[in-house]
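Each residue of the sequence shown is one higher than the one before, starting from 378 at the first, in our numbering.
Think of the CB as a built atom: it goes at the ideal place given N, C-alpha and C, for glycine as much as any other residue.
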Amino acid sequence: MVREFRKAQGFSQESFAYYCSLDRSYMGGVERGERNITLANMEIIIIALQLKPSEFFAALDGYFANQEAHGQVIQFKHFADRAQVHIRQRNQSN
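Written out as structure tokens, the structure reads:
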């Protein structure tokens, strides 16, 4: 989903990674689902994409609704819920 959002914003992978102050190979791994992503980096990416966390996670939820790997979906939903709470708390404290 990051790749689709990035392309919709007109970023190349390299320019988006630079904009986020992240390594291009790391960003590629995130887009391919090969890299784990921290909440801090997820927040950076969501902000760079000019999305609300709820918009980002709703899009991911829709993506996973079409997948057959239900065990992974349940794990993702738990992570997404925690991530939204974490990002909301950080935004409220700033």
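In this structure, the straight-line span from the alpha carbon of leucine 416 to that of glycine 387 is close to 24 Å. The shortest CA-to-CA distance from proline 430 to any of Tyr395, Gln466, Glu411, Cys397 is the one to Gln466. In the DSSP annotation of this structure, the continuous segment of the alpha helix (DSSP H) that includes phenylalanine 382 starts and ends at 379-385. In this structure, tyrosine 395 and alanine 425 do not form a Cβ contact; the two beta carbons are roughly 10 Å apart against a cut-off of 8 Å. Cβ-Cβ separation between methionine 378 and leucine 437: approximately 5 Å, consistent with a contact (criterion under 8 Å). For glutamine 427, the secondary structure class from DSSP, reduced to helix, strand or coil, is coil. Per DSSP, glycine 410 lies in no alpha helix (DSSP H) and is assigned neither H nor E. Comparing alpha-carbon positions, the option among Asp400, Ile421, Gly410 lying closest to arginine 380 turns out to be Gly410.
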